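What follows is one structure encoded as structure tokens, with my remarks underneath.
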Ligand SMILES: Cc1cc2nc3c(=O)[nH]c(=O)nc-3n(C[C@H](O)[C@H](O)[C@H](O)COP(=O)(O)O)c2cc1C
């Protein structure tokens with residue numbers, strides 16, 4: 006039997022939406038017995054966590070048409086220490102946005118390309134449709150259908166890792 010694989014889920018959140026998405030994905034991944042899931046906030050994650058994982062799930066809000074600053078800080082701190090040491094590992098991406106999310110996807114995909122990671126599925130973007138400053142700053146509740154999609158993506162990524170198909 007293959008040794009157990011590790012999936013690292015790294016997320017940042019300000020008003021809770023991305024956290025719910027990341028937790029749902031981690032929950033789905035935990036259904037796969039062959040995979041250990043580590044759910045870390047971006048501020049707590051570093052190069053050793055990246056090196057110690059076999060696959061990745063990145064989850065970020067889109068802020069000001071970019072990935073959240075603390076998610077960028079995670080990539081900035083980890084990029085060179087792990088470069089060329091994680092080539093070919095699988096990743097997937099979750100983005101929580103108000104109404105767009107595309108630039109955050111482009112940015113993470115570019116970073117992942119630099120790391121030579123392998124995308125296993127199209128990014129999931131969940132839009133909260135908050136428009137006013139008050140609504141944007143309010144705590145978010147992600148709908149069950151969107152959380153189910155995140156759960157499925159986590160489960161699929163973990164299953165592929167356990168089977169060694171990536
Ligand atoms: C400073 C700031 C900038 C934002 N910029 C964008 C943006 O460029 N595009 C977008 O779709 N949503 C934008 N939003 C909305 C957030 O992506 C949305 O509120 C999302 O729920 C944040 O995720 P979180 O709940 O995990 O913090 C912005 C929110 C803040 C606070």
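In my numbering, the protein residues as written are 6 to 171.
Even for Gly, the Cβ is constructed at its ideal location relative to N, Cα and C.
Here the structure is a predicted model, which means the values were calculated and not measured.
Item	Value
Close beta carbons around residue 119, own chain, < 8 Å, minus the five adjacent residues each side	84 and 88
Straight-line Cα distance separating residue 165 from residue 75	29 Å
Residue interval of the beta strand (DSSP E) (run including residue 68)	60 to 68
Check whether residue 65 and residue 100 have beta carbons under 8 Å apart	yes
Residue 54 and residue 43 closer than 8 Å at C-beta	yes
Continuous beta strand (DSSP E) stretch holding residue 10: start and end	10 to 16
Distance cut-off 7 Å: residue 155 Cβ against heavy atoms of ligand 1	no
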